[in-house]
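Some notes on the structure that comes next.
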Amino acid sequence: MFKKRVPLYVALVHYPVLNRRGEIIASAVTNLDLHDLARASCTYDIPICYIVTPLKDQQILTKRLTDHWCKRIGKDLHPDRELALRRLRVVDDIPSVLKDIEGEWGQRPRIWATTARTDVESLSHGDARRYLEKDSGPVLLLLGTGWGLAPSVMREVDDILEAIQGKAAYNHLSVRCAAAILMDRLLSLDR
301 MFKKRVPLYV ALVHYPVLNR RGEIIASAVT NLDLHDLARA SCTYDIPICY
351 IVTPLKDQQI LTKRLTDHWC KRIGKDLHPD RELALRRLRV VDDIPSVLKD
401 IEGEWGQRPR IWATTARTDV ESLSHGDARR YLEKDSGPVL LLLGTGWGLA
451 PSVMREVDDI LEAIQGKAAY NHLSVRCAAA ILMDRLLSLD R
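Taking my numbering, the leading residue of the sequence shown gets 301, the next gets one more, and so forth.
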């Protein structure tokens, strides 16, 4: 059981990620991703959900969308949405995320990545949860958009979380679904 603030941070990475041909790209930010990741982060008390994109037009779009819900008419219409969307922070790259967390904690976070692949050495969800419960310091969970995180990112992580396995062989979850499932497996009160 978690006794105090959860030391887990999430980063939704839009670059460097892969496209369906395995090429490194910068993917587009989507309104659904922003809303769903913010709401899940708020539900599981994740302090910050970073939106990682070097593309200035995507940063401007993200700011415009979040400002609508946090500073404009959306704030009055849906105060709960404002509470959730305030957890989003747009940054240029993963090193900026690390610097931000290091500034708060005085130490580099442990970095976990996600993958849909089942043929890689991985950290089980149960072991990851136990690590968080031990209060061993901050952890950054990287979620890749597009067709997943680029190999250069995967080589730099401390652990890769086991792939989410459902009942069927089908394994093509949206990043929003995967994020919510992982947050629940790592942070829910009933486990």
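No residue lacks a Cβ here, since even glycine has one placed at the ideal position from N, Cα and C.
Please report how far the alpha carbon of W501 lies from the alpha carbon of K399, in whole angstroms. It is not possible to answer for residue 501, since the shown part of the chain is limited to 301 through 491.
7 Å CB neighbourhood of T415 in its chain, flanking five on each side removed: Non-local beta-carbon contacts of T415 in its own chain, meaning distances under 7 Å to residues more than five positions away in sequence, involve G448, I460, A463 in chain order.
In terms of alpha-carbon separation, which member of H314, K356, R320, Y309 lies closest to A340? That would be Y309, whose Cα lies nearest to the Cα of A340.
Could you tell me whether the Cβ atoms of P409 and L440 are closer together than 8 Å? Their beta carbons are under 8 Å apart, which means P409 touches L440 by this criterion.
Could you tell me the distance, in whole angstroms, from the CA atom of P316 to the CA atom of C349? Answer to the nearest angstrom: the Cα atoms are 17 Å apart.
What are the complete alpha helix (DSSP H) segments, minimum 4 residues, inside the stretch 314-357? Correct list: 331-343.
Using CA atoms only, rank isn't needed, just tell me which of V391, L318, D333, P438 is closest to W405. Taking only the C-alpha atoms, the option nearest W405 is P438.
Could you check whether D392 and P354 sit closer than 8 Å to each other, using their CB atoms as the reference points? Yes; because the gap between Cβ atoms is below 8 Å, this pair is in contact.
I'd like to know whether the C-beta atoms of A478 and L432 end up nearer to each other than 8 Å. Not closer than 8 Å, so no.
Simplified DSSP state of F419, which is helix, strand or coil: Note on identity: in this sequence residue 419 is Asp, with Phe being the wrong assignment. Three-state DSSP puts D419 in coil, outside helix and strand.
For Y344, does the count of other Cβ atoms within 10 angstroms reach 16, so buried, or fall short, so exposed? Answer is buried; the Cβ neighbour count reaches 16.
May I ask you to report which of helix, strand or coil DSSP gives G374? Here G374 sits in helix by DSSP.
V397 - containing alpha helix (DSSP H), residue span: Unbroken alpha helix (DSSP H) run through V397: 394-405.
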